[in-house]
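Report on the structure given below.
There are 2 protein chains.
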Amino acid sequence: MSKIELFELCGAERDRVFSPYCWIVRYALAHKGLDYTTTPITFSEKEKIAFSGQKLVPVLKDGEQTISDSWDILHYLDKAYPDAPALFPNGDALARFVKHWAEGTLYGLLAPIVIMDIYNHIAPEDKAYFRQTREARFGMTLEEFAAKAETTKAQLGGALEPLRRRVKESAFLEGDAPTAADFIVLGPFLWARGVCEVKLLSDDDPVRAWRQRLFDAYQGLGLSTLGYAA
Amino acid sequence: MSKIELFELCGAERDRVFSPYCWIVRYALAHKGLDYTTTPITFSEKEKIAFSGQKLVPVLKDGEQTISDSWDILHYLDKAYPDAPALFPNGDALARFVKHWAEGTLYGLLAPIVIMDIYNHIAPEDKAYFRQTREARFGMTLEEFAAKAETTKAQLGGALEPLRRRVKESAFLEGDAPTAADFIVLGPFLWARGVCEVKLLSDDDPVRAWRQRLFDAYQGLGLSTLGYAA
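Shown next as structure tokens:
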């Protein structure tokens, strides 16, 4: 029996995991070669992570240790398992920049594209909560927010240019092997994959090839749950 | 007498250096604590770098060595002067991502803003060449290209978000001291500073404070030539 437990978000189906931050932790655990069990929870089942002292997934329980926040989990894993391949082999300073690029640029462009798909895939009992919290955050209805998708989809190709140029130089962001920087940028694409049928990347886009390399890595981890082949 | 010579681009005035790639090398030389002489050349004086076997500045001459291309120069300096502070203290893999972000995002937004200012500050004998080569590259007149400035200036604040978030965490991109990653991102801002009076960053923008820290570094290197205080 594994001593590591991952608590992560799921949709109406238990096997539809789409939270990008939970995915980052899944990839990190695979990268470290660690066995774990996963407990998928819906938005309405947050009492299952009450032991963590906060309300957000992912939560990692490793024996007596409980860690929430994917960034903290990544660092915990490098510290707790120093003999396994490093998640931050070159330190985390510029990986932070990559993280801010994903969070400050990518998520904002993808959010209108995927928002109604998320809504349509979450558990029925989660829908009112999801609509209320997101509409308060966006300052508009989900449908109004989704109407931006045409604009942001048109901007996505250009916004991905830094990633595109980098993955033309080497297979992964830090070289020949994936690292946390890749997982952090893959997160938004796994978010989309879980719920969304829109084709985000053209067949000849080097970003698509990089995404596929990561989907295929670790015994096809990125394709191992319910999702779409867009 | 210094054995290192930097050949760089200048405007109508010899002391108006605005090429971002030349500036990156200036900062790298200062970071390494190396003395050098500089030979500013106009676009029309490329015969002065014919010895380098190509037509672009910056060119660095270090004794018998001649290196062009700022990226190659950065690596040359780390290799030739390993005892001086490193330009790539954590390797160059993610610094490449930062470079692609600057080149794939920042320059494109700044170019329409600064293009006519560059044209107005270069030597009279350079103007026809500059107009011809840039109009061919852009597929439109300089004036048509400059008309995009209102749009790109409105996009700049949002595009800078990854940098903004990072420099709120630490003084420079890789921590407490500047590195090549900072110089690479500062390049576009020095490009603008040399020729352009438009205020690009609001007073309370953390990016502005980061830029000022770099302008002030190395005895005020970034403010040591002709330019504007925008």
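Quick note, the sequences are listed as chains A and B, same order. For the record, in the first sequence the residue sitting at position 185 is 185 according to this note's numbering, with numbers rising by one throughout. For the record, in the second sequence the residue sitting at position 199 is 1199 according to this note's numbering, with numbers rising by one throughout. By construction, the Cβ of each residue, glycine as well, lies at the ideal position given by its N, Cα and C atoms.
**Asked** How about P1082/B: is its C-beta nearer than 8 Å to some C-beta of chain A?
**Response** Here residue 1082/B is taken as the residue at index 82 of the second sequence, counted from 1. False, the Cβ-Cβ gap to chain A never drops below 8 Å.
**Prompt:** Touch check for the stretch 134-147 of chain A and the stretch 167-184 of chain A: three-plus C-beta pairs under 8 Å?
**Reply:** no
**Asked** Can you find a C-beta in chain B that's less than 8 Å from the C-beta of L214/A?
**Response** Locating residue 214/A in the first sequence gives position 214, counting from the first residue. So, not an interface residue.
**Prompt:** Thinking C-alpha only, which one of D1083/B, R1026/B, T1039/B is nearest S1224/B?
**Reply:** Position 224 of the second sequence, counting from 1, holds the residue named residue 1224/B. It is R1026/B whose Cα lies nearest to the Cα of S1224/B.
**Asked** What residues from chain A crowd round F1183/B, counting only those whose CB sits closer than 8 Å?
**Response** For the purposes of this step, residue 1183/B is taken as residue 183 along the second sequence, with counting starting at 1. Simply none; closest approach about 14 Å.
**E266/A, buried or exposed, once every other Cβ within 10 Å from all chains shown has been counted against 16** = Residue 266/A is absent from the model: chain A starts at 1 and stops at 230.
**Message:** Tell me which residue opens and which closes the alpha helix (DSSP H) that I122/A is part of.
**Reply:** Translated into positions along the first sequence, residue 122/A becomes position 122. No alpha helix (DSSP H) holds I122/A; DSSP gives it neither H nor E.
**Message:** If we require 3 or more residues per run, which beta strand (DSSP E) segments fall completely within the stretch 9-64 of chain A?
**Reply:** 37-41, 59-62
**Request:** Could you give the DSSP three-state label for L156/A: helix, strand or coil?
**Result:** Residue 156/A sits at position 156 when you count from the first residue of the first sequence. Reduced to three states, the DSSP call for L156/A is helix.
**Message:** Going by DSSP in three states, M1/A sits in which element: helix, strand or coil?
**Reply:** Counting from 1 along the first sequence, the entry for residue 1/A is found at position 1. Any reading at M1/A must be qualified, since the residue scores a pLDDT of 46, below 50, and its modelled position is unreliable; the value itself is stated next. The answer is coil: DSSP assigns M1/A none of H, G, I, E or B.
**Request:** Quick one: grab the DSSP three-state call for T1105/B.
**Result:** If you number the second sequence from 1, residue 1105/B lands on position 105. Helix.
**Prompt:** Along chain B, in chain order, which residues have C-beta atoms closer than 8 Å to that of F43/A?
**Reply:** The residue you call residue 43/A lines up with position 43 of the first sequence. Ordered by position in chain B, no residue passes the 8 Å Cβ test against F43/A, which lies about 27 Å from the chain.
**Contacts of V1098/B in chain A (Cβ-Cβ under 7 Å)** = As a working note, residue 1098/B is residue 98 in the second sequence. Result: L94, F97.
**Asked** Say the cut is 7 Å; is the CB of Y218/A nearer than that to a heavy atom of the ligand GDP?
**Response** By its list of ligands, the structure shown contains no ligand whatsoever, and the ligand GDP lies outside what it can speak to.
**Contact check, I1073/B vs F1183/B, beta carbons under 8 Å** = Along the second sequence, one-based indexing puts residue 1073/B at 73. Along the second sequence, one-based indexing puts residue 1183/B at 183. Going by C-beta atoms, I1073/B is not nearer than 8 Å to F1183/B.
**Prompt:** Should the stretch 1003-1011 of chain B be called in touch with the stretch 147-157 of chain A, which here means at least 3 C-beta pairs below 8 Å?
**Reply:** no
**Prompt:** Taking contact to mean at least 3 C-beta pairs separated by less than 8 Å, is the stretch 1175-1182 of chain B in contact with the stretch 1082-1100 of chain B?
**Reply:** yes
**Request:** Pick out whichever of K1046/B, K1199/B, D1204/B has its Cα sitting closest to the Cα of I1113/B.
**Result:** Counting from 1 along the second sequence, the entry for residue 1113/B is found at position 113. For I1113/B, the nearest C-alpha among the options comes from K1199/B.
**Asked** Would you call D1047/B buried or exposed, if buried means 16 or more other Cβ atoms sit within 10 Å of its Cβ?
**Response** Walking along the second sequence from the start, residue 1047/B turns up at place 47. The question names Asp, but residue 1047/B is Glu in the sequence shown. When all chains shown are included, E1047/B counts as exposed.
**Request:** Could you confirm whether any beta carbon from chain A is found closer than 8 Å to the beta carbon of E1150/B?
**Result:** The count along the second sequence starts at 1 and reaches residue 1150/B at position 150. Not an interface residue.
**Item:** Buried/exposed call for P1020/B, threshold 16 Cβ in 10 Å
**Value:** As a first step, residue 1020/B must be located in the second sequence, where it is residue number 20. By the neighbour-count rule (16 or more Cβ atoms within 10 Å), P1020/B is buried.
**Asked** Start and end of the alpha helix (DSSP H) containing S170/A?
**Response** Here the question's residue 170/A lines up with position 170 in the first sequence. Looking at the DSSP string, S170/A is not in any alpha helix (DSSP H), and its letter there is neither H nor E.
**Message:** Whether or not the stretch 1026-1042 of chain B and the stretch 1061-1080 of chain B are in contact is what I'm after, with contact meaning three or more pairs of Cβ atoms, one per stretch, closer than 8 Å; do they touch?
**Reply:** yes
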